[in-house]
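Those letters in the sequence shown? Residues 1 to 107, by the UniProt record's numbering. We treat Cβ as the ideally placed atom computed from N, Cα and C, and that holds for glycine. Computed from a predicted model, the values in this text were never measured in an experiment. The next block holds one structure in the form of C-alpha cells; read it before the comments.
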Amino acid sequence: MPFVKRDAAGVIVAVSSVGDDMHAEHVEVDDAGLRVFLEGLGPAPQLAASDLPLVRVLEDVVDLLVERAVIRFTDLPAAAQDKLSARRSARAELRQLNLLDDDDGLI
1 MPFVKRDAAG VIVAVSSVGD DMHAEHVEVD DAGLRVFLEG LGPAPQLAAS
51 DLPLVRVLED VVDLLVERAV IRFTDLPAAA QDKLSARRSA RAELRQLNLL
101 DDDDGLI
C-alpha cells in the first residue's frame, strides 16, 4: 500500500510504505505515475558502471565451466542460453569487422 507525495504539477516525487503528512495520498501498486517514479530511480550509478564488465566475466566463467565439463550449456535455463548465444553471435560479428579485441577481459 504505497503512499505518495506529489509536486505542484502532480508528478510523484516521493513514496512511503506508511501514510503521514508528507505522504498522504494512497495509490495502487500498478499506478502509472508510481511506475514512472520507480523506473526513474534506476540502479545506483556505482552498480550500473560495473554491470558491463561483470557480464563479460560471467560469460567467461560460463565458457570455462562448459569447456571443463563442469556444466553443460544445455543445463542453463533457456533464457540464459538465448542471451549467451546472442552475445556470442554479436561478438563474432564484431570480431569479423575487427571492432572487438578478443584479448580483453579474459579471466
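With the rule of 3 Cβ pairs closer than 8 Å, the region 27-34 does not count as touching the region 57-74. Collapsing the DSSP output to three states places Ala9 in coil. Sixteen is the threshold: when 16 or more other Cβ atoms of the shown chains lie within 10 Å of the Cβ of Pro2, as they do, the residue is buried. Per DSSP, the continuous alpha helix (DSSP H) segment holding Ser89 begins and ends at 78-96.
Ser50 sits in a helix when the DSSP states are folded into three classes.
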